[in-house]
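Colleague: Taking my numbering, the leading residue of the sequence shown gets 257, the next gets one more, and so forth.
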Amino acid sequence: MSITIEIKYPHCHSTNISQNGKKGNGKQNYRCGRCGQQFIGDYHMTYRGCRSWVVGMVKIMLIRGIGIRDISTTLGISITKVLKVLRTTKYQIKPKLSHYDCLETDEFWT
Ligand SMILES: [Zn+2]
């Protein structure tokens, strides 16, 4: 039985990756074949908040209305990281009409 882990560069999503030696701390270093950038794979990151999938997962959990402390505990990242994602995410709600006669606000938790 073998386990295959697909590694791709988080910024350009290229799977044309080659190993590029090791860092001073012993972690495997990779190089993207498309743009030439060097990076450390997700599975070698010490802090979970630096992994590439964390930001997308935090956004999904924020949209679902999960609290900041719950996201931090569930994903094993700091509250500061969750707040940074919330602060730097640009999402704008576009109204369907330009003018409304009456608006109603429902519960607003996050
Ligand atoms: Zn690249």
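Note that beta-carbon positions come from the ideal geometry of N, C-alpha and C, so glycine has one too.
All figures in this text were calculated on a predicted structure; none of them were measured in a lab.
So which of I316, G282, T336 has the shortest CA-CA distance to T302?
Modeller: When only C-alpha atoms are compared, the closest one is G282.
Colleague: Looking only at its own chain, which residues have a Cβ that is under 6 Å from the Cβ of C291, when we skip the five neighbours before and after it?
Modeller: Here the set comprises C268.
Colleague: Considering only C-alpha positions, which residue in the set T344, I259, Q275, K279 is nearest to Y265?
Modeller: Of T344, I259, Q275, K279, the residue nearest in Cα terms is Q275.
Colleague: Helix, strand or coil for Y299? Go by DSSP, reduced to three states.
Modeller: In this structure, Y299 counts as helix in the three-state DSSP scheme.
Colleague: Is there at least one non-hydrogen atom of ligand 1 closer than 7 Å to the beta-carbon of S274?
Modeller: Checking the Cβ of S274 against ligand 1 gives no.
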